[in-house]
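What follows is a single structure, written as C-alpha cells, with notes after it.
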Amino acid sequence: MLRRNLSPSKLRLALAVGSMIVLAIAVHIGLTGQLPFLHRVNVWSIAIYEGKSPFDLHPTHEILALTAEQVDDVPALFVADPFLYQYKGQQWMFFELLNQSTSQGDIGVARQTDDGQWHYEQIVLDESFHLSYPRVFAWEGEIYMVPESAATNEVRLYRAAQFPYQWEFVRTLVRQHRLADPTLFRHEGRWWMFAGESHTHDRLRLYHAEQLEGPWVEHVESPLRESSPDLARPGGSVFQWQGKQYRLGQDCSPKYGRALNAFEIEEIDESCYRELPGQHILSAGDAGWNSAGMHHADLYQLDNGRWVAAVDGHQKRWILKFGLP
C-alpha cells in the first residue's frame with residue numbers, strides 16, 4: 435500500500451527519515467542504556483474565545499492563539515494557564531510552558547500583533563521548581579505576578595522589574611500546604627485568595643489580608659470545599675457580571691481538566707462564605723486540540739460590551755520517551 439501511494443522520491447525520503455530515526459534511537463540506547471517507550475500525555479494549547487457574555491463564549495479564530503510549537507527558546511511539551519494583561523496599549527499574554535529539558539513549568543509571555551495574532555516572545559520567569567498559573571495584576575503603581583509554586587509549599591509574590599521580561603521575588607504570602615492555582619482578587623477594600631491543593635484537586639481554601647504583602651490568614655470556614663473534585667480547584671480570574679461576582683472552578687471529575695464552571699459568590703466576608711451552584715463555562719470540544727477537556731479562562735469585558743477570554747484545552751497524544759515507564 436505504501437509503495438502504491440507514494441511517489442519514488444517521497445518513498446526514498448520517508449525511508450531515509452525512518453532510517454535516521456532508527457539510527458538515533460540505537461545510538462541513544464548504546465550511549466545511555468535507556469530503552470524507548472510510548473507515553474500518553476496531555477498536550478495543552480491556548481485559544482482566544484469571545485461572546486456576548488461569560489456564559490456564551492466561542493472561538494474567535496480557526497487557528498489557535500498559541501501552541502508548544504511556537505515556543506522557540508526551549509523544547510516545550512505544552513502551553514497552558516493563560517492570563518491577559520494590557521500595558522500601554524499593548525496586549526500581553528502570560529502562561530505556563532512545560533519545558534521538556536527540565537520537566538518543569540516555566541512562565542512565558544506572548545505579544546498580540548496588529549493583525550490580532552499572538553507572537554511568542556520568551557521565558558520571563560524560570561525558577562528551580564515548577565511554575566504555572568501566572569496571574570498578573572497592577573496595584574499602587576506596580577505590576578505583580580502570583581504564579582503557582584506548589585512544589586515549594588509556598589505562594590510567592592513577584593514584581594515586574596522591567597515589564598514584561600524581568601521579574602523579582604518580593605516575598606512569600608502563604609507558606610502552607612501545596613496550594614494550586616492561587617487566585618487573588620480585591621473585594622470591599624480587602625485582598626482575597628482562592629487556592630486548591632495540587633495533589634488532590636478536590637479541596638478549596640480561602641485566605642484574606644488587609645495588605646497585598648500580608649499578613650495573610652486562612653478564612654475561618656476554610657477549606658470551603660472538601661472531597662469535591664467537580665468544583666474545588668480554581669480555573670482562572672474572579673470576574674464580575676451584571677453586578678455579581680463569580681469564581682471559576684475546574685471540574686476534575688472523573689479526570690483532571692475536564693471542564694470549567696462559574697460559581698456566583700453570594701456572600702464573602704471575614705466570617706462567612708457562600709456561593710451558588712455552578713454554571714457551565716467551557717468543556718471538551720470536537721476540534722482536536724480540546725477534545726480531552728478545558729480547565730481555564732481569563733475573562734474581561736470590552737468597551738463594546740462583548741467578552742473576551744484566554745482559554746486552554748488539551749488532547750491526548752502519544753510521545754516517545756526513554757528510561758523507565
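Residues 435 to 759 in my numbering are what the sequence shown spells out, letter by letter. For each residue, glycine too, the CB sits at the ideal point set by N, CA and C.
query	result
Simplified DSSP assignment, three categories, for residue 658	coil
Cβ pair residue 535, residue 558 closer than 7 angstroms	no
Neighbour-count burial assignment, residue 449, 16 or more Cβ in a 10 Å radius	exposed
Residue 683 beta carbon less than 7 angstroms from that of residue 697	yes
Beta-carbon spacing of residue 552, residue 595 below 7 angstroms	no
Same chain, Cβ closer than 7 angstroms to residue 603, five either side skipped, listed in chain order	590, 592
Beta carbon of residue 679 nearer than 7 angstroms to that of residue 699	yes
Chain-order list of residues whose beta-carbon lies under 6 angstroms from that of residue 577 (same chain, five-residue window excluded)	594, 597
Straight-line gap, residue 654 to residue 662 (C-alpha atoms, nearest Å)	19 angstroms
Whole-Å CB distance - residue 513 paired with residue 566, under 8 angstroms assumed	Rounded, the Cβ-Cβ distance is 11 angstroms, inconsistent with contact.
Assigned exposure category for residue 443 - 16 Cβ within 10 Å defines buried	exposed
Local Cβ density within 10 Å of residue 686, reported as buried at 16 or more and exposed below that	buried
Secondary structure of residue 632, DSSP reduced to three states	coil
Same chain, Cβ closer than 7 angstroms to residue 736, neighbours up to 5 away in sequence not counted	742
Distance between residue 574 and residue 711 (C-alpha atoms, nearest Å)	34 angstroms
Range covered by the beta strand (DSSP E) that runs through residue 497	Looking at the DSSP string, residue 497 is not in any beta strand (DSSP E), and its letter there is neither H nor E.
Cβ pair residue 727, residue 692 closer than 7 angstroms	yes
Reduced DSSP secondary structure (H/G/I, E/B, other) of residue 585	helix
Residue 583 classed as buried or exposed, judged by whether at least 16 other C-beta atoms fall within 10 angstroms	buried
Spatial neighbours of residue 718 in its chain, beta-carbon cut-off 8 angstroms, leaving aside the 5 residues before and after	692, 693, 724, 725, 726, 727, 728, 747
Ordered list of beta strand (DSSP E) runs contained in the segment 523-598, each at least 3 residues	524-533, 538-546, 552-559, 566-573, 576-582, 589-596
C-beta atoms of residue 506 and residue 530 nearer than 7 angstroms	no
Close beta carbons around residue 722, own chain, < 7 angstroms, minus the five adjacent residues each side	749
Assigned exposure category for residue 649 - 16 Cβ within 10 Å defines buried	exposed
Residues of its chain near residue 518, where Cβ-Cβ distance is below 6 angstroms and the 5 sequence neighbours each way are ignored	527, 732, 744
Neighbour flag for residue 696 against chain C, beta carbons, 7 angstroms	The structure shown contains no chain C; it is built from a single protein chain.
Sub-7 angstroms separation of residue 484 and residue 494 beta-carbons	yes
Euclidean distance between Cα positions of residue 609 and residue 701	26 angstroms
Exposure label - residue 587; buried when at least 16 CB within 10 Å	exposed
Best match in 585, 497, 665, 560 for proximity to residue 614 [C-alpha to C-alpha]	585
Inter-residue spacing [alpha-carbon to alpha-carbon] between residue 667 and residue 630	5 angstroms
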